[in-house]
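Have a look at the structure below, then the notes.
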Amino acid sequence: MFPVIPVLLGLLAFLFAWHFLNIQRARSKLPAGPAPLPVIGNMGILGFQIHHETLLKLASRYGDIYTLWLGHTPIVVLNNFEAVKEALITHSEDFAERPRNPCFENLVGSACGIIFSNGHAWKQQRRFSLMTLRNLGLGKRSLEGCVQHQATCLVQALAQEKGRPMDPYSSILSSVGNLIGNVLFGHWFSTADDRFHCLVKGSKAMEEFSSTLCSQLYNAFPSVMKHLQPIIVSTMSALRHWKKLELIIREEIQSHQRSWVPEEPRDFIDLYLAQLEKNKDDPNSPFTELNMVQVIMDLFIAGLDTSTIALSWALLYMMTYPEIQEQVQEELNTVLGPSHVISYEDRKILPFTNAVIHETQRVSSMTATGVFHKCTKDTKLQGLPISKGTIILPNLYSIHYDPDHWETPHKFNPSHFLDKDGNFTNNEAFLPFSAGVRVCLGEKFARTTLFIFFTNLLRAFRFQMPEGVKEINTEPILGSALQPHPFKACAIARKTVLNPAA
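Under the numbering used here, the first residue of the sequence shown is numbered 716, with each subsequent residue one higher.
Quick look at the structure:
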């Protein structure tokens, strides 16, 4: 009788030995790091999730640049400002690519657009998107008017609560979502519109799905997880919300196609349709309807998350530090009149307020671990060789909490952004939007929205904890972006300001 079990055990032992030797050879060419286990690599010590604090703790043992293994894939982690700056700024083009994301490619088909694309297609989509956003008013008074309008709507929505405990998140989400929707689709949405809620749900669902164990396992073991794809698709509600989001965007595009007048562009879709028409005879053009759908998804999701979460953190910190909230309001009272229409330019005459907003972004460090980059050629980082194709992960959290760059890194301290005379000053180790050629293309939009929304809210209300609440939870929820736990706030109308609901 043929000895099946001994043969299988021998084959298994051979595969483990072969896998072990391959990893050892690869490790010899990479920065040092914890020894990976067969199959799972270092995912065990990571708790099967990429946590910014775990990455920082490992740096104390293995150095600021070390290697982790997600399954059989090595990841070089960067844990200080100098290393991140060298990779993303000094050698920006060498780390301009994104690695494959099998989970998104296979489950939602998002290997195009801006976030996950590479090469010529990525450059063309990014350049077009930046130019189009500028044409639509980014950095100009026209778009600021839309931001100011939504800031007023947000103030009015919170005023209707009349100081009762409420969760400000949904109101912030609606205002930011409407603002982005107006840029992309050319119209406002009613908060009662089911299509608008589907847009928001789809955006939040995919942001949350990207940090789930299922997503992590899929990217670590794509060949195995692909066989479970039908089960994943049928059981993950996030994917259903994503498909609804995609459907609504396609419906918006079809509506625009029926009413499109090339000489009178109204929004992002109209300008993309013009680009499609311009390139219709070029079979190699990256401008396709599929790319248009994905670019719009990328812009909507990234813009909605960044601004909504940042403003939520800002309000949470103002309740946590009421004395700082009072200083912001004192500056607003002194410098601006109650009827002054606040613009982004006003940040230059509101140094303390501007410093508080920046400190909020530093302490919350929303994009804690940044996004994966891939090396495009053999290079070096701080003297360590990095081979072409190596994936790197910049731990932005480590930069924002680096004692070499911040006087009191674990304390909420607006003085980090003020000189001895009280003037605003930036810090090169402040990278909430990442850096280099892959820096967030919506950075200016996010900065403008956060500043105008925050100043309008702080001028209109005093935010405080509901009666009986003694302590605020400032620990983040781990995800692709760090966000605060749901919280209640009381928005008390300030007597020094005209009726905010007027």
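Glycine included, every Cβ here is placed at the ideal spot set by N, Cα and C.
Enumerate in chain order the residues of its own chain whose CB-to-CB distance from residue i is below 6 Å, with the five nearest sequence positions on each side excluded.
i     : result
F1148 : V1154, C1155 and E1158
Y1116 : P1124
R1062 : N1069 and F1166
N994  : S1000 and F1002
H1088 : F810 and I1107
Y884  : S1027
Looking only at its chain, what residues have a beta carbon closer than 7 Å to the beta carbon of residue i, apart from the 5 residues adjacent to it on each side?
i     : result
H787  : G756
A1196 : E922, D1020, I1024, M1081 and T1082
D1136 : none
W957  : V823, G917, A920 and M921
E876  : A1206
V1010 : G828, I829, Q840 and S844
N697  : The structure shown has nothing for residue 697, since the chain only spans 716 to 1217.
V1056 : Q863
Suppose you measure from the CA of residue i to the CA of residue j; what does that come to, to the nearest Å?
i     : j     : result
I895  : I1107 : 31 Å
A1206 : M1081 : 24 Å
E820  : L991  : 23 Å
L1047 : R1174 : 7 Å
R842  : P1001 : 12 Å
L873  : L1096 : 49 Å
A1235 : E978  : This structure does not reach residue 1235, given that the chain is present from 716 up to 1217, and the question cannot be answered.
Y987  : L1065 : 38 Å
S844  : V915  : 21 Å
A866  : G1194 : 27 Å
I1016 : E961  : 12 Å
P1053 : N1128 : 27 Å
E812  : E967  : 31 Å
A1218 : H1073 : Shown here, the chain extends from 716 to 1217; a query on residue 1218 therefore has no answer.
F936  : S925  : 15 Å
D1119 : K800  : 15 Å
G1018 : A1161 : 7 Å
N850  : I1101 : 39 Å
L928  : L773  : 21 Å
K1210 : E1122 : 36 Å
G1098 : S1027 : 41 Å
P880  : V1184 : 11 Å
R1077 : Y1112 : 8 Å
F1139 : N795  : 24 Å
F911  : S890  : 11 Å
T782  : S775  : 13 Å
L954  : V1086 : 21 Å
I963  : C913  : 8 Å
I780  : K1103 : 17 Å
M846  : L1051 : 33 Å
F831  : V939  : 22 Å
K959  : H864  : 28 Å
T805  : L943  : 42 Å
L1213 : G878  : Annotation note: pLDDT 48 at L1213 (below 50); position unreliable, coordinate value reported separately. Their backbone Cα atoms lie some 16 Å apart in a straight line.
For residue i, collect the residues of the same chain with a Cβ closer than 8 Å to its Cβ; drop the 5 residues on either side in sequence, then sort them by chain order.
i     : result
E808  : T1091 and V1152
E859  : G852, S1058, Y1059, T1163 and I1167
N1188 : P1199, H1200 and F1202
Q1179 : M1034, P1037, A1204, C1205 and I1207
E1190 : H1200
W975  : D985 and L988
I1039 : Y1032, M1033, V1071, F1127 and P1129
Q1236 : Because the chain is modelled from 716 through 1217, residue 1236 falls outside the range shown and cannot be assessed.
C861  : G852, L894, N897 and V898
Any idea which residues DSSP pairs residue i with across the strands?
i     : result
K1089 : E812 and I1106
A1208 : F1176
K1095 : P1100
T788  : L785
M881  : A1204
Q969  : Beta-bridge pairing links Q969 to no other residue.
F1139 : L1133
Q863  : Answer is none; Q863 lacks a bridge partner.
G756  : L752 and L785
L1005 : For L1005, which the question treats as bridged, DSSP gives no partner whatsoever.
I720  : None, per the DSSP bridge assignment.
Residue i and residue j look like a contact to me (Cβ under 8 Å); what is the Cβ gap, rounded to whole Å?
i     : j     : result
N1218 : H767  : This structure does not reach residue 1218, given that the chain is present from 716 up to 1217, and the question cannot be answered.
L745  : P789  : 6 Å
L770  : T1084 : 7 Å
D982  : L899  : 6 Å
R965  : V1008 : 6 Å
N1142 : H1131 : 7 Å
C818  : N1006 : Wrong, their Cβ atoms sit about 20 Å apart, outside the cutoff.
L869  : L1172 : 7 Å
L803  : A1150 : 4 Å
Segments of 4+ residues assigned as alpha helix (DSSP H) that fall wholly inside the stretch 1025 to 1055: 1037 to 1050
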